[in-house]
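Novice: Mind having a look at this structure? Questions to follow.
2 protein chains.
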Amino acid sequence: MKMLINVPETVVADALRGMASAHPGLSVDVDNRVVVRGDAPVAGKVGLVSGGGSGHEPLHGGFVGPGMLSAACPGEVFTSPVPDQMVRAAAAVDSGAGVLFIVKNYTGDVLNFDMAAELAEDEGVQIAKVLVNDDVAVTDSLYTAGRRGTGATLFVEKLAGAAAEEGQPLERVEAIGRRVNESARSFGVALTAVSTPAKGSPTFDLPEGELELGIGIHGEPGRERRAMMTSHEIADFAVNAVLEDLRPSSPVIALVNGMGGTPLLELYGFNAEVQRVLSERGVPVARTLVGNYVTSLDMAGCSVTLCQVDEELLRLWDAPVETAALRWGR
Amino acid sequence: MKMLINVPETVVADALRGMASAHPGLSVDVDNRVVVRGDAPVAGKVGLVSGGGSGHEPLHGGFVGPGMLSAACPGEVFTSPVPDQMVRAAAAVDSGAGVLFIVKNYTGDVLNFDMAAELAEDEGVQIAKVLVNDDVAVTDSLYTAGRRGTGATLFVEKLAGAAAEEGQPLERVEAIGRRVNESARSFGVALTAVSTPAKGSPTFDLPEGELELGIGIHGEPGRERRAMMTSHEIADFAVNAVLEDLRPSSPVIALVNGMGGTPLLELYGFNAEVQRVLSERGVPVARTLVGNYVTSLDMAGCSVTLCQVDEELLRLWDAPVETAALRWGR
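In structure tokens, the structure reads:
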């Protein structure tokens, strides 16, 4: 696989240098691998720190800014960041109001954020944590005890971020984060395998004419392989898989997410099919977001995340956000 | 090639239905293939209409909204829209202040927008036109007499759109559009070929281990093929190709654009190299935009567009914009 890189060893540092020059509102520590909003710490405001392996961009660095994350810690590609990054990030964003760690459920991430929480608390920073585990495809996956954390991360970061921006205290911001995770479920589909810079070739074999239903964002195996399906059939399968687990009693926000290698033209067409299934199932849709937000490098495919919202969560969704990848005003 | 579609024949209509449900601020006429901002016509405001073959998303439909395009006309994949679409769009957005057509320089687009201008003027709509021809790679390409129109389209649409939003008259908005086109140059590189839904397989052959320098956004041949290069070397080649033609005497805005299939992680790393070359060449950079904006379906690769700006153009760039793909406030 050809890649637009220098050498695999510098991919993450190169990207951080490129982020720094593109986004002067961010403070990027390339050596220590921490991306912080430029005005941190914000007086009286709870800090939000997330992070994880690189290769899922714009998650998480693209979600740092007013109304969303205070800081992000990128690891090597598909590899957890280390506790030192998270401790630095917490120190950089803590105003005294405490810091919420938002952790996708992968074994390495969970262990490292746990260790970082202890170290940060030793330094006097109050830490709370929200674990994101929204992927209904499988339990106890390749890198996971329990469910994987995928598209719901965007919702937890946006909605808890908006609550923090409003000045809500740590226990409230944490409670909102937990509630969002419990209200959101995802299902992903791969049309092609993903190639990492280190390997330089596809990390698994997915032949022409087949797709993988229930794929993870690192290419972890899903539920089953089938002969290639239409957008109509894939939407039926993915949305129904989510609705087997989440039975919304109020409207949902729909994230129709690209895995990185699928053209936006196809994603919008897929969204039309997702909306059809939701309409057939009688699920009202309050908002829809279509695009590449929680990706897996060059993998072709998509995922659907539905997040059930009440008036409070919808208000937090509509609140202003100003990050590299997600931005809107009132 | 596996694609997230139903059948090739409905790809564009499916995507328009998906856009309509994701963006309630847009008025999408799926049957007639016109995407209009929901509040058009805006009293006293010049209308801006663009369009072209589909497959370059978010261009153009993703740039419809306050501060940018009034309407977009998507053709079939890599095929010009027809004059009837443009006439409908002009009628929908004209408030009496006239309409500017923004036309990428491809033979079909130029002919059809010319014909549409005559028809719209017969119906009493005053029409002006700006031709975008910024690609320095080749002249007289596969579908072009003269240079191709690529990344500068985003700049013409944004800056002329901001001028129209301010209430400037048609001749001023047209003059700004022309000045932006004259101030902007692009160069693109492909790492892989593009696959269209109709063909279902790569439209040309680009072997592993080679890249194409000077590619067009439909996969038209570029200047030359070479053995695969590093991000460092590609940035040297692309930026220097642009600077051979554009010798900026004031700061530039840099668009570091993905062709669709290249991960954002790689694009940010490439941006670091682009900024290095610009710094070495003594070109100050006022703003930088990194992402997939003028794409070629699933093609892996990138392009660099530099647009020289004075105070007026920089003010128009920073003006608020609220579209699906580009949005920021003051």
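Protein chains in written order, with UniProt numbering: chain A, 1 to 330; chain B, 1 to 330. Here a beta-carbon is modelled for each residue, glycine too, at the ideal position from N, C-alpha and C.
Count the other CB atoms within 10 Å of the CB of residue 280(A); is the residue buried (16 or more) or exposed (fewer)?
Specialist: Here residue 280(A) corresponds to residue number 280 of the first sequence, with the count starting at 1. Exposed, by the Cβ-count rule.
Novice: Name the DSSP beta bridge partners of residue 296(B), please?
Specialist: For this step, residue 296(B) is matched to residue 296 along the second sequence. Answer by DSSP bridge pairing: none, since residue 296(B) is not bridged.
Novice: Is the stretch 307 to 318 of chain A close to the stretch 43 to 58 of chain B, with three or more CB pairs under 8 Å?
Specialist: Touching, no.
Novice: Just to confirm, is the Cβ distance from residue 103(A) to residue 93(A) under 9 Å?
Specialist: Position 103 of the first sequence, counted from the first residue, corresponds to residue 103(A). Position 93 of the first sequence, counted from the first residue, corresponds to residue 93(A). It is not a contact, given that the beta carbons lie outside the stated cut-off.
Novice: Between residue 58(B) and chain A, is the shortest Cβ-Cβ distance under 9 Å, so that the two count as touching?
Specialist: Within the second sequence, the letter at position 58 stands for residue 58(B). It does; some Cβ of chain A falls within 9 Å.
Novice: Measuring CB to CB, does residue 139(B) end up less than 9 Å from residue 106(B)?
Specialist: Translated into the one-based positions of the second sequence, residue 139(B) becomes position 139. Translated into the one-based positions of the second sequence, residue 106(B) becomes position 106. Not in contact: residue 139(B) and residue 106(B) (Cβ atoms no closer than 9 Å).
Novice: Straight-line CA distance for residue 164(A) to residue 219(B)?
Specialist: Translated into the one-based positions of the first sequence, residue 164(A) becomes position 164. Translated into the one-based positions of the second sequence, residue 219(B) becomes position 219. If you take the alpha carbons of residue 164(A) and residue 219(B), they lie about 46 Å apart.
Novice: Let me confirm a value: residue 212(B) is counted as buried when at least 16 other C-beta atoms fall within 10 Å, else exposed. Which label applies?
Specialist: Here the question's residue 212(B) lines up with position 212 in the second sequence. Buried: at least 16 other Cβ atoms inside 10 Å.
Novice: Looking only at its chain, what residues have a beta carbon closer than 7 Å to the beta carbon of residue 159(A), apart from the 5 residues adjacent to it on each side?
Specialist: For the purposes of this step, residue 159(A) is identified with residue 159 of the first sequence, where counting begins at 1. Excluding sequence neighbours, residue 159(A) sits near 176, 180, 313, 316 and 317.
Novice: Any chance the stretch 184 to 193 of chain B sits against the stretch 231 to 242 of chain B, with 3 or more Cβ pairs inside 8 Å?
Specialist: The stretch 184 to 193 of chain B, when compared against the stretch 231 to 242 of chain B, does touch it at the 8 Å Cβ threshold.
Novice: Does the Cβ of residue 145(A) lie closer than 8 Å to at least one heavy atom of the ligand NAD?
Specialist: Questions concerning the ligand NAD fall outside what the structure shown contains, since it holds no ligand whatsoever.
Novice: Beta-carbon of residue 211(A) versus every beta-carbon of chain B: anything under 9 Å?
Specialist: As a first step, residue 211(A) must be located in the first sequence, where it is residue number 211. It does; some Cβ of chain B falls within 9 Å.
Novice: Tell me the DSSP bridge mates of residue 301(B)?
Specialist: Taking the second sequence and counting its residues from 1, the one referred to as residue 301(B) is at position 301. In the DSSP output, where bridge partners are listed per residue, residue 301(B) has 190(B).
Novice: Provide the residue span of the alpha helix (DSSP H) that contains residue 176(B), from first to last.
Specialist: Walking along the second sequence from the start, residue 176(B) turns up at place 176. Unbroken alpha helix (DSSP H) run through residue 176(B): 170 to 183.
Novice: For residue 38(A), count neighbouring Cβ atoms within 10 angstroms of its own Cβ and tell me buried if that reaches 16, exposed if not.
Specialist: Here the question's residue 38(A) lines up with position 38 in the first sequence. Residue 38(A) comes out exposed.
Novice: Distance check for residue 101(B) and residue 129(B), CA to CA, integer angstroms please.
Specialist: For this step, residue 129(B) is matched to residue 129 along the second sequence. For this step, residue 101(B) is matched to residue 101 along the second sequence. So the alpha carbons of these two residues sit roughly 5 Å apart.
Novice: Check the Cβ of residue 113(B) against every Cβ in chain D and list those closer than 9 Å, keeping chain order.
Specialist: Among the protein chains of the structure shown, namely A and B, there is no chain D.
Novice: Ordered along the chain, which non-local residues of its own chain (more than five positions away) have a Cβ less than 7 Å from that of residue 287(A)?
Specialist: Here residue 287(A) refers to the residue found at position 287 when the first sequence is read from its first residue. Excluding residues within five positions, the ones whose Cβ falls inside 7 Å are 253 and 317.
Novice: Based on DSSP bridge pairs, tell me the residues matched to residue 204(B).
Specialist: Within the second sequence, numbered from 1, the residue matching residue 204(B) stands at position 204. Bridge partners of residue 204(B): none, in fact.
Novice: According to the Cβ coordinates, are residue 20(B) and residue 50(B) closer than 9 Å?
Specialist: For this step, residue 20(B) is matched to residue 20 along the second sequence. For this step, residue 50(B) is matched to residue 50 along the second sequence. Not closer than 9 Å, so no.
Novice: Tell me where the alpha helix (DSSP H) around residue 29(B) begins and ends.
Specialist: The residue labelled residue 29(B) in the question sits at position 29 within the second sequence. Run containing residue 29(B): none in the alpha helix (DSSP H); it sits in the beta strand (DSSP E), 26 to 29.
Novice: What would DSSP say about residue 271(B), mapped onto helix, strand or coil?
Specialist: For the purposes of this step, residue 271(B) is identified with residue 271 of the second sequence, where counting begins at 1. The answer is helix: DSSP assigns residue 271(B) an H, G or I state.
Novice: Please list the segments of the alpha helix (DSSP H) lying wholly inside the stretch 79 to 122 of chain B, counting only runs of 4 or more residues, in order along the chain.
Specialist: Segments of the alpha helix (DSSP H) lying fully in the stretch 79 to 122 of chain B: 83 to 93 and 107 to 122.
Novice: Could you pull out every unbroken beta strand (DSSP E) segment of at least 3 residues lying fully inside the stretch 228 to 294 of chain A, listed in chain order?
Specialist: List check, beta strand (DSSP E) in window: 252 to 258 and 285 to 291.
Novice: With a 10 Å radius around its C-beta and 16 neighbouring C-beta atoms as the bar for buried, classify residue 247(A) as buried or exposed.
Specialist: By 1-based counting over the first sequence, the position of residue 247(A) is 247. Answer is exposed; the Cβ neighbour count stays below 16.
Novice: Are the beta-carbon atoms of residue 90(B) and residue 47(B) separated by less than 9 Å?
Specialist: Within the second sequence, residue 90(B) is the residue found at index 90, counting from 1. Within the second sequence, residue 47(B) is the residue found at index 47, counting from 1. Going by C-beta atoms, residue 90(B) is nearer than 9 Å to residue 47(B).
Novice: Alpha carbon to alpha carbon, how far is residue 167(A) from residue 209(B)? Give it in angstroms, no decimals.
Specialist: As a position in the second sequence, residue 209(B) is number 209, starting the count at 1. As a position in the first sequence, residue 167(A) is number 167, starting the count at 1. Straight-line Cα distance between these residues: approximately 53 Å.
Novice: State the DSSP-derived secondary structure class of residue 12(B), mapped to helix, strand or coil.
Specialist: Start at 1 with the first residue of the second sequence, and residue 12(B) comes out as number 12. Helix, per DSSP.
Novice: State yes or no: is the C-beta of residue 261(B) within less than 9 Å of the C-beta of residue 11(A)?
Specialist: If you number the second sequence from 1, residue 261(B) lands on position 261. If you number the first sequence from 1, residue 11(A) lands on position 11. Not in contact: residue 261(B) and residue 11(A) (Cβ atoms no closer than 9 Å).
Novice: In its own chain, which residues sit with a C-beta less than 6 Å from the C-beta of residue 81(A), not counting the 5 before and 5 after it?
Specialist: Here residue 81(A) refers to the residue found at position 81 of the first sequence. Closer than 6 Å at Cβ, skipping near neighbours: 51, 73 and 75.
Novice: By Cβ distance below 7 Å, which residues in the same chain neighbour residue 67(B) in space, the five residues on each side in sequence not counted?
Specialist: Numbered from its first residue, the second sequence carries residue 67(B) at position 67. Within the same chain, residue 67(B) has close Cβ partners 161, 162, 165, 319, 320, 321 and 322.
Novice: Where does residue 69(B) sit, in a helix, a strand or coil, going by DSSP?
Specialist: Taking the first residue of the second sequence as 1, we reach residue 69(B) at position 69. Reduced to three states, the DSSP call for residue 69(B) is strand.
Novice: Run the CB neighbour count on residue 7(A), radius 10 Å, all protein chains shown included, and call it buried at 16 or more, exposed below.
Specialist: Taking the first residue of the first sequence as 1, we reach residue 7(A) at position 7. By the neighbour-count rule (16 or more Cβ atoms within 10 Å), residue 7(A) is not buried but exposed.
Novice: Under 8 Å Cβ to Cβ from residue 125(A), same chain only, skipping five residues before and after it: list those, please.
Specialist: The residue given as residue 125(A) occupies position 125 in the first sequence. So the qualifying residues of the chain are 90, 91, 94, 98 and 99.
Novice: Should residue 294(B) and residue 196(B) be called a contact, given that it needs their Cβ atoms to be closer than 9 Å?
Specialist: Residue 294(B) sits at position 294 when you count from the first residue of the second sequence. Residue 196(B) sits at position 196 when you count from the first residue of the second sequence. Result no, Cβ atoms of residue 294(B) and residue 196(B) do not sit closer than 9 Å.
Novice: Taking the alpha carbon of residue 17(A) as the point to measure from, which residue in 14(B), 272(B) and 304(B) has its own alpha carbon closest?
Specialist: Against the first sequence, residue 17(A) aligns to sequence position 17. That would be 272(B), whose Cα lies nearest to the Cα of residue 17(A).
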